[in-house]
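Engineer: Chains as they are written, first to last, in the working numbering: chain P, 2 to 299; chain R, 2 to 299. Here a beta-carbon is modelled for each residue, glycine too, at the ideal position from N, C-alpha and C.
There are 2 protein chains.
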Amino acid sequence: MKNILIIGCGLLGSSLLRQISKKKIAKKIFIYEKSKLNITKIKKLRLPGIIVKSLKEGVVNSDLIIFCTPMSEYKNMILKINNFISSKTLITDIGSSKLETSKIIKKFLKKKIHWIQSHPIAGSEVSGPEHGKESMFYGRWCIVIKEKNTPKNNINIITKFWKKIGSKVVLMSAEKHDKIFSITSHLPHLIAYNLVKSAQDFEKKQSYGLIKFSAGGLRDFSRIAASNQIMWRDIFFNNKDNISKAIDLFIKNLNQFKKDINLKNNKSIIKKLIQTKKVRSKIIRLKQDIDKPDFGRN
Amino acid sequence: MKNILIIGCGLLGSSLLRQISKKKIAKKIFIYEKSKLNITKIKKLRLPGIIVKSLKEGVVNSDLIIFCTPMSEYKNMILKINNFISSKTLITDIGSSKLETSKIIKKFLKKKIHWIQSHPIAGSEVSGPEHGKESMFYGRWCIVIKEKNTPKNNINIITKFWKKIGSKVVLMSAEKHDKIFSITSHLPHLIAYNLVKSAQDFEKKQSYGLIKFSAGGLRDFSRIAASNQIMWRDIFFNNKDNISKAIDLFIKNLNQFKKDINLKNNKSIIKKLIQTKKVRSKIIRLKQDIDKPDFGRN
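1) Where do the N-terminal and C-terminal ends of the alpha helix (DSSP H) with T93/P fall, by residue?
2) Inspect the beta-carbon positions of I156/R and I67/R and report whether they are closer than 8 angstroms.
3) S208/R to F182/P, Cα distance in whole Å?
4) Here's a check: name, in chain order, each residue in its chain whose Cβ is nearer than 7 angstroms to the Cβ of T70/R, leaving out the five neighbours to either side.
5) Taking only runs that begin and end inside the stretch 98-138 of chain R, name each unbroken beta strand (DSSP E) of 3 or more residues, in chain order.
6) Does the stretch 224-238 of chain R come close enough to the stretch 225-242 of chain P to have 3 or more Cβ pairs within less than 8 angstroms?
7) Between L65/P, A226/P and S98/P, which lies nearest to A200/P when the distance is taken from Cα to Cα?
8) Taking the alpha-carbon positions, what's the N39/R to R224/P distance?
9) Would a check of beta-carbon distances place E126/P closer than 8 angstroms to chain R?
10) Counting only the same chain and skipping the five closest in sequence on each side, list residues whose C-beta sits under 6 angstroms from that of H115/P.
11) Mark L18/P as exposed unless 16 or more other C-beta atoms lie within 10 angstroms of its C-beta, in which case mark it buried.
12) What is the DSSP secondary structure of V280/R, counted as helix, strand or coil?
13) Is there contact here, the stretch 157-172 of chain R with the stretch 187-201 of chain R, by at least three beta-carbon pairs under 8 angstroms?
14) Could you give the first and the last residue of the continuous alpha helix (DSSP H) run that contains I30/R?
15) Grab the span of the beta strand (DSSP E) containing K169/P for me, first residue to last.
16) When you compare only the Cα positions, how much space is there between S128/R and R281/P?
17) Check whether the stretch 280-295 of chain R touches the stretch 261-268 of chain P, taking contact to mean three or more Cβ pairs, one atom from each stretch, closer than 8 angstroms.
18) Looking at the unbroken alpha helix (DSSP H) that takes in N4/P, where does it start and where does it end?
19) Using a threshold of 7 angstroms, is the CB atom of T277/R nearer than that to any non-hydrogen atom of the ligand FMN?
20) Please confirm whether D94/R has its beta-carbon closer than 8 angstroms to some beta-carbon of chain P.
21) Would Y75/R count as contacting chain P if we go by Cβ distances under 8 angstroms?
22) Taking the alpha carbon of F109/P as the point to measure from, which residue in S87/P, K76/P and K45/P has its own alpha carbon closest?
23) Taking only the alpha-carbon atoms, compute the straight-line gap between I105/R and R141/R and give it to the nearest angstrom.
24) List, in order along the chain, the chain P residues whose C-beta lies closer than 7 angstroms to that of Q20/R?
25) Using 10 angstroms around the beta-carbon of P130/R, count the other beta-carbons present and answer buried if the total reaches 16, otherwise exposed.
26) Note down the Cα distance separating M72/P from K3/P, rounded to an integer number of angstroms.
27) Hey, could you find the ends of the alpha helix (DSSP H) F203/P is sitting in?
28) Verify the CB distance criterion: does V280/P have a CB-CB separation below 8 angstroms to chain R?
29) Can you give me the C-alpha to C-alpha distance between R286/P and T185/P, rounded to a whole angstrom?
30) Taking buried to mean at least 16 other C-beta atoms within 10 Å of its own C-beta, is I275/R buried or exposed?
31) From the beta carbon of A200/P, is the nearest beta carbon of chain R less than 8 angstroms away?
32) Can you give me the C-alpha to C-alpha distance between I342/R and L56/R, rounded to a whole angstrom?
33) Would you grab the beta carbon distance between I51/P and I30/P for me? Rounded to a whole angstrom, and I think it's under 8 angstroms.
34) If you compare alpha carbons, which of E176/R, G124/R and I117/R is closest to K153/R?
35) Should L17/R be flagged as near chain P, meaning a C-beta pair shorter than 8 angstroms?
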């Protein structure tokens, strides 16, 4: 890899920037960032890389372009880079849903230009380059999208890239990706937003404060519900069919649970409560979380 | 306060034990514990206090009794202590729902014996005396239940006790308590259990593993869903009317959200996603959580 262009330098873009620089993965790193606020922050933080004023300058000089913008920006960006990109430049991205963006890419990206989609499973509830960190992707899964006709050579380049970043790579189709993450990520976020909204609705109706008593559970959801709204709107819209099915499955379980508690169905409830503990043990076993008890955090 | 009896010495009972001892709140601390496994652990950990073999020994020698058992044990315990308790002994508890247990107390506790209900907002997803810690209740809210006819003197004794433990005390009725916590604690836990169950259902149906990709949200719910099943069954059964209403409100929001994403209703979704962030800011402002970004935890 010679030169890399990062388009969009917020939380994740700036984390990549830091790690690419630290690991000396590229000769030159170019940054294209629309937000003047972010550019000021990047300069103040003295982050590595060259901030380019024109997209063209970054694109024609790079071997790899990484889209780190919200997914709703892809189409516009593609239409712009089509004017000066050549087939020796490879593109990837870090978007959280894949099937819809693959259609956008297919429809709008200039022929003979290759785009291998990636999705590193990393992030946080805060946004902006000031919160990025070089270890963001380290030891985390990165999904690289491989369809039947994806050129193997390009898959290898992108896989190698993420491994240098420190991620563990797994290959799967866009369809499978979107199904899995509708359950493990999109539904949890959607639930968190709606739980917090329900608490707000309740607070308005009852006219007494309850947020100060949130340490008993609500707090943990509020963290997730604080994630970037543009990014999450894009995910919800892009993966709406899978997410709708996930919501339906979840509501079905919720209604059955409600029935069980109203009938005081001891056997069924205990079975469910024990069953879910097994998932927790599995998550810890798979090193996706730690088993240290999480008391009142401070 | 001279002597205190702790009935049930698991995670929370043993935390109280540690703090009562550290802060020298009682002359003698008695422990009544049914589980032989827990008794072995308590001895091995060399926790302070005197393990009594008979309930009578603890009750007749104590000025304050603290119920730290699952709420479903209260009735049996009350029927036993009725045989030897005198009116100079005050009772409290740490149960997470209040109206149903207040009925049990009213119905079964011997006349002229006073029980002031408490609910310290503390806990963890792990159980057992080995996970207890003296700082468990420090700086946390403790709800003390005050109805119109509750003797002021007894409220003062219990309030003083929790302040010595290090908690911040707030008084409210059992009815208000159960409404608030149906939203801020019971619904979040119920949702966590059902989300994890939905992930299991999906995994079975699809026949491919998804738990290893849980770092994108599911992980955070699985922690909450690992909490003690007996304790949570009791809460769900005891507070089922409020919880059912909370589920209905939540499902209503969920269905509206689903409709919004299927119609790609940008304005409505963005408004909701921004709105919930305000709750997060409020939670941090009220010192119920920290604002440090929660990246991949390790």
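Structural biologist: According to the structure data:
1) Reading the first sequence from its first residue, position 92 is the one you call residue 93/P. Element bounds for T93/P: not the alpha helix (DSSP H) but the beta strand (DSSP E), L91 to D94.
2) Residue numbering aside, residue 156/R sits at position 155 when the second sequence is read from its first letter. Residue numbering aside, residue 67/R sits at position 66 when the second sequence is read from its first letter. Against a cut-off of 8 angstroms, the Cβ pair of I67/R and I156/R comes out as no contact.
3) Translated into the one-based positions of the second sequence, residue 208/R becomes position 207. Translated into the one-based positions of the first sequence, residue 182/P becomes position 181. S208/R and F182/P: Cα-Cα distance of roughly 15 angstroms.
4) The residue labelled residue 70/R in the question sits at position 69 within the second sequence. Closer than 7 angstroms at Cβ, skipping near neighbours: I8, G9 and M78.
5) 115-121
6) Cβ pair count under 8 angstroms is below three, so no.
7) As a first step, residue 200/P is located in the first sequence; it is residue number 199 there, counting from the start. The residue with the shortest Cα to Cα distance from A200/P is A226/P.
8) In the second sequence, the residue the question calls residue 39/R occupies position 38. In the first sequence, the residue the question calls residue 224/P occupies position 223. Each residue's Cα considered, the two are about 35 angstroms apart.
9) Counting from one through the first sequence, the residue named residue 126/P turns up at place 125. With its beta carbon less than 8 angstroms from one in chain R, E126/P belongs to the interface.
10) Reading the first sequence from its first residue, position 114 is the one you call residue 115/P. Taken in chain order, the residues that qualify are L91 and N155.
11) Position 17 of the first sequence, counted from the first residue, corresponds to residue 18/P. Counting Cβ neighbours within 10 Å, L18/P comes out buried, since at least 16 surround it.
12) For this step, residue 280/R is matched to residue 279 along the second sequence. Note: V280/R maps to helix in three-state DSSP.
13) no
14) In the second sequence, the residue the question calls residue 30/R occupies position 29. Premise fails: I30/R lies in the beta strand (DSSP E), K29 to Y33, not in any alpha helix (DSSP H).
15) As a first step, residue 169/P must be located in the first sequence, where it is residue number 168. Where K169/P is concerned, the enclosing beta strand (DSSP E) stretches over K169 to M173.
16) Counting from one through the second sequence, the residue named residue 128/R turns up at place 127. Counting from one through the first sequence, the residue named residue 281/P turns up at place 280. Roughly 14 angstroms separates the two Cα atoms.
17) no
18) Numbered from its first residue, the first sequence carries residue 4/P at position 3. No alpha helix (DSSP H) holds N4/P; the beta strand (DSSP E) holding it covers N4 to I8.
19) Ligands in the displayed structure: none, and consequently the ligand FMN is not present.
20) Locating residue 94/R in the second sequence gives position 93, counting from the first residue. Not an interface residue.
21) Taking the first residue of the second sequence as position 1, residue 75/R is located at position 74. No, Y75/R lies away from the interface with chain P (no Cβ there is under 8 angstroms from its Cβ).
22) The residue given as residue 109/P occupies position 108 in the first sequence. Per the Cα distances, K76/P.
23) Sequence index remark: in the second sequence, residue 105/R carries index 104 (1-based). Sequence index remark: in the second sequence, residue 141/R carries index 140 (1-based). Rounded to whole angstroms, I105/R to R141/R spans 27 angstroms at the Cα level.
24) Translated into the one-based positions of the second sequence, residue 20/R becomes position 19. Residues of chain P with a Cβ closer than 7 angstroms to the Cβ of Q20/R do not exist; the shortest Cβ-Cβ separation is about 13 angstroms.
25) Here residue 130/R is taken as the residue at index 129 of the second sequence, counted from 1. By the 16-neighbour rule on beta-carbons within 10 angstroms, P130/R is buried.
26) As a first step, residue 72/P is located in the first sequence; it is residue number 71 there, counting from the start. As a first step, residue 3/P is located in the first sequence; it is residue number 2 there, counting from the start. Computed Cα separation, rounded: 26 angstroms.
27) Numbered from its first residue, the first sequence carries residue 203/P at position 202. Counting along the chain, the unbroken alpha helix (DSSP H) around F203/P starts and ends at L188 to Q207.
28) Taking the first sequence and counting its residues from 1, the one referred to as residue 280/P is at position 279. With 8 angstroms as the cut-off, V280/P counts as an interface residue toward chain R.
29) Position 285 of the first sequence, counted from the first residue, corresponds to residue 286/P. Position 184 of the first sequence, counted from the first residue, corresponds to residue 185/P. When the Cα atoms are used, R286/P and T185/P turn out to be separated by approximately 17 angstroms.
30) Start at 1 with the first residue of the second sequence, and residue 275/R comes out as number 274. Burial call: exposed.
31) Within the first sequence, residue 200/P is the residue found at index 199, counting from 1. Taking Cβ atoms only, chain R reaches closer than 8 angstroms to A200/P, which makes this a yes.
32) What is shown of chain R runs 2 to 299, which leaves residue 342/R out entirely.
33) Your numbering for residue 51/P matches position 50 in the first sequence. Your numbering for residue 30/P matches position 29 in the first sequence. Yes, they are in contact, since the Cβ atoms of I51/P and I30/P sit about 7 angstroms apart, within 8 angstroms.
34) Here residue 153/R refers to the residue found at position 152 of the second sequence. Checking every option, the nearest Cα to that of K153/R belongs to I117/R.
35) Start at 1 with the first residue of the second sequence, and residue 17/R comes out as number 16. So no, L17/R is outside the interface.
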